[in-house]
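Q: Residue numbers (this note's numbering), protein chains in the order written: chain B, 1 to 288; chain G, 1 to 214; chain E, 1 to 248.
Even glycine gets a Cβ: it sits at the ideal position worked out from N, Cα and C.
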């Protein structure tokens, strides 16, 4: 009983170094907190029960609505969509990260001919709505010389990737730039003192350290990028979300197919966000 | 340029919808975020688990997925919402997850010594919270919350997929009708620039006024 | 009245505390008389800070009891807060409220806990700040002050509650060497005015000149209690001799 109540009530924060808002509870405090737990848990359970009840009342647990998900063909269709999602995200990530590193380096360098274009590019594309970039690319591409005569699917893919690349390169540049700025000044001074040129000091000394420091943020932003591939819906890119919608239209079981797709999204994106959190706490520990 | 001026009323209506969605969603997210943040910092483990589950669900789902869920899934459960309401609910739920994180990090920027010193001079739990922890935690949250608000102007453009004519959708509808892309593209772009600068300036001003020197 | 005046102000009785499996305080018995200055010394990890923090229950303990002015330390809630208001505490890391000015830091307790009106609290706070020598810093924020000044402000904040006893938890350990004396001077003056004080410190000079008794702790135990001259010139236990040989 005591071990259960000490599991239920724990004033220690979940991670070391975080604020402990409540002090250790006395007997009365424990009693009150346990009553509070019971009440709050009841509310949460009631909320879930209500949702499940709605499902029942509206017949959303009917077997025929879930039956499609016992067929491999449906799973295959959705998983291939997930593959498309990952493909767009992967390609865009490589381009955006590369471009982001270049932008960050140029913005941190002294010659104006590098600093000004990089700053302009960053500020412009960071202020754009991603939807707008993707749609714009999708409609402009077929009219652009050299890009004519592709299939609609290819246009959609390229539009998604280029929209993500333009937008996220500026995001990554910002993340890496703050990594560069977080380094002690002594690092670049020491590198220059041993006779490296400014460019080589950046490439050999500053950038590797800055990248390591910004790794958690890079992971967080990659998770966003992965989520934003779903904007492909706007240009008929056949990724997970569009396919879930098609499955839902086909079997008139939107809820069910979105529940399945939701689990897929959350699982895949959670891999990135949880690595970001792990890296973050590891870095926090080692810097203490 | 002329074409934008001709269609200005419609674009401005779109801007109005964008602002309604952004600010409405922001306020709804703030309420949800406060509740979830309280769950997450409470000494009660089941509440922390619920809070963490909520955050990881929202942070790991695409916003447009939530919009679809509300729009296509809602009616199946008997929730008869307008398209705008669907978008608003999705944006609010989504932002709630992010905002609770911003608020939580604000709480964690307050050091344990502050709370101990407050207790040591005889402040009760609620006084400690009110006079020492909350003022500092909320001030540290201003920056992250402003970043969220700023991203939100652009994020709500996903509502266009269910036919909510916010500023991007209004612009692209007009592009389709007039077969002119660039003017409307530039218009939406400028709108976001202005909104972004205004928010950033406002947040900076607020930050300056209430900044804690450390 | 005569009865309470002669009874000890703080009684620590058979105190035991564990951090998980780690037994940090072992059967501690200690009485502090009114107006007495007790200095607690010992190697780091000996439990001396923990003992100090137990006295106003910033740390909970599992066994034993602590009485302050005849009243058993309450477990929690408003009763505990009321007791803490009578026990001043000064921390190693100052812990001034970062969002308030120095004078607001000092006023917060009197206004919110004692219900004093703001104007009167301000007058009182200014008086205390003058007394610790930083009246001119009243409207600054903590971060604008040096460590020594911050610690003096923290002492003023504790004094503003008119405490029955002051606890000092390594008050000079976080200070640059040149600022240690300005804080010790304030503490010496307090001691000379008859304030009851429990001081955890490494400042042996302070212990010698201000302490009525020195308490030596090692490994969670109270090893030796003696007058400063007895303790420093003629320590009885081996562990105390060993400790003194390392630091003196």
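Determine the chain B residues that contact residue 57 of chain G at a beta-carbon separation under 7 angstroms, and present them in chain order.
A: 266, listed in chain order.
Q: Quick one: measure Cβ to Cβ for residue 230 of chain E and residue 201 of chain E, integer angstroms, because I've assumed they're closer than 8 angstroms.
A: Not quite, the Cβ-Cβ distance comes to about 18 angstroms (not below 8 angstroms), so this is no contact.
Q: What did DSSP end up calling residue 275 of chain B once you bin it into helix, strand or coil?
A: Helix at residue 275 of chain B.
Q: With a CB to CB cut of under 8 angstroms and the five nearest residues on each side skipped, what residues in its chain are close to residue 13 of chain G?
A: Here the set comprises 165, 170.
Q: Could you work out which residues of chain B lie near residue 60 of chain E, taking near to mean beta carbons separated by less than 7 angstroms?
A: Ordered by position in chain B, the residues that pass the 7 angstroms Cβ test against residue 60 of chain E are 24.
Q: Measure the Cβ-Cβ separation of residue 78 of chain B and residue 243 of chain B and say whether it is below 7 angstroms.
A: Cβ distance < 7 angstroms, so residue 78 of chain B and residue 243 of chain B count as in contact.
Q: Does any C-beta atom of chain E lie closer than 7 angstroms to the C-beta of residue 28 of chain B?
A: Judged by the 7 angstroms Cβ criterion, residue 28 of chain B is in contact with chain E.
Q: Please list, in chain order, the chain B residues whose beta carbon lies closer than 9 angstroms to that of residue 47 of chain G.
A: Ordered by position in chain B, the residues that pass the 9 angstroms Cβ test against residue 47 of chain G are 36, 37, 40, 41, 44.
Q: Can you pull out the residues from the region 86-118 of chain E whose beta carbon lies closer than 7 angstroms to at least one beta carbon of chain G?
A: Residues passing the 7 angstroms Cβ filter: 89, 91, 93, 95, 97, 98, 99, 108, 109, 112, 113.
Q: In this structure, does DSSP put residue 13 of chain E in helix, strand or coil?
A: It is a strand residue.
Q: Three-state secondary structure (DSSP) at residue 224 of chain E?
A: Note: residue 224 of chain E maps to strand in three-state DSSP.
Q: Just verifying my parser: in three-state terms, what is the DSSP assignment at residue 244 of chain B?
A: In the structure shown, residue 244 of chain B sits in a helix (DSSP, three-state: H, G or I).
Q: Assess contact between the region 84-101 of chain E and the region 54-63 of chain E, defined as three or more Cβ pairs (one per stretch) separated by less than 8 angstroms. Is contact present?
A: Short answer: they touch.
Q: Counting only runs that start and end within the region 102-135 of chain B, where is the alpha helix (DSSP H) found for 4 or more residues in a row?
A: Taking only runs of at least 4 residues, the alpha helix (DSSP H) segments lying wholly in the region 102-135 of chain B are 112-126.
Q: Taking Cβ positions, are residue 98 of chain G and residue 148 of chain G nearer each other than 7 angstroms?
A: Their beta carbons are under 7 angstroms apart, which means residue 98 of chain G touches residue 148 of chain G by this criterion.
Q: Does the beta-carbon of residue 22 of chain E have 16 or more other beta-carbons within 10 angstroms, so that it is buried, or is it exposed?
A: The residue is exposed, with fewer than 16 neighbouring Cβ atoms inside 10 Å.
Q: Along the chain, where does the beta strand (DSSP E) that runs through residue 68 of chain E open and close?
A: From DSSP, the beta strand (DSSP E) with residue 68 of chain E extends over 63-68.
Q: What three-state label does DSSP hand residue 98 of chain B in the structure shown?
A: Helix at residue 98 of chain B.
Q: Alpha carbon to alpha carbon, how far is residue 34 of chain B from residue 8 of chain B? Give it in angstroms, no decimals.
A: So the alpha carbons of these two residues sit roughly 8 angstroms apart.
Q: Can you grab the Cα-Cα spacing for the pair residue 185 of chain G / residue 172 of chain G, in whole Å?
A: Using only the alpha carbons, I get a separation of about 8 angstroms.
Q: Using a C-beta cutoff of 7 angstroms, does residue 273 of chain B count as contacting chain G?
A: Yes, residue 273 of chain B lies at the interface with chain G (some Cβ there is under 7 angstroms from its Cβ).
Q: Tell me, please, which residues DSSP counts as bridged to residue 72 of chain E.
A: Bridge partners of residue 72 of chain E: E/67.
Q: Is residue 206 of chain G near residue 162 of chain G, with beta carbons less than 7 angstroms apart?
A: Cβ atoms of residue 206 of chain G and residue 162 of chain G: not closer than 7 angstroms.
Q: Assign residue 210 of chain B to one of two classes, buried (16 or more other C-beta atoms within 10 Å of its C-beta) or exposed (fewer than that).
A: Per the 10 Å Cβ criterion, buried.
Q: Figure out for me which residue from E/112, E/113, E/138 has the closest Cα to the Cα of residue 123 of chain E.
A: Per the Cα distances, E/138.
Q: With 9 angstroms as the limit, tell me which residues of the region 4-25 of chain B have their beta carbon closer than that to any beta carbon of chain G; keep them in chain order.
A: Listed by position, the residues of the region 4-25 of chain B near chain G (Cβ gap below 9 angstroms) are 7, 8, 9, 10, 11, 12, 13, 14, 15, 17, 18, 19, 20, 21, 22, 23, 25.
Q: When you check each C-beta in the region 122-137 of chain E against every C-beta of chain G, which residues fall closer than 7 angstroms?
A: The residues in question: there are none.
Q: Buried or exposed, going by whether 16 or more other CB atoms sit within 10 Å of the CB of residue 6 of chain E?
A: By the 10 Å Cβ count, residue 6 of chain E comes out exposed.
Q: Are the beta-carbon atoms belonging to residue 133 of chain B and residue 172 of chain B less than 7 angstroms from one another?
A: No, Cβ-Cβ distance for residue 133 of chain B and residue 172 of chain B is not below 7 angstroms.
Q: Which residue from G/132, G/104, G/193 puts its Cα closest to that of residue 51 of chain G?
A: Comparing Cα-Cα distances from residue 51 of chain G to each of G/132, G/104, G/193, the minimum goes to G/104.
Q: Could you tell me which residues DSSP pairs with residue 195 of chain E in its beta bridges?
A: DSSP, once it has assigned bridges, lists no residue as partnering residue 195 of chain E.
Q: Check residue 166 of chain G in the structure and name its three-state DSSP category.
A: Residue 166 of chain G falls in the coil class under three-state DSSP.
Q: Which partner residues of residue 19 of chain E appear in the DSSP bridge assignment?
A: DSSP output for residue 19 of chain E lists E/22 as bridge partner(s).
Q: For residue 226 of chain B, which residues from the same chain have a beta carbon less than 6 angstroms from its beta carbon, with the 5 sequence-adjacent residues on both sides left out?
A: Result list for residue 226 of chain B: 89, 269, in chain order.
Q: Whole-angstrom Cβ separation of residue 215 of chain G and residue 86 of chain G, contact assumed at under 8 angstroms?
A: Outside the displayed span of chain G (1 to 214) sits residue 215 of chain G, for which this structure offers no information.
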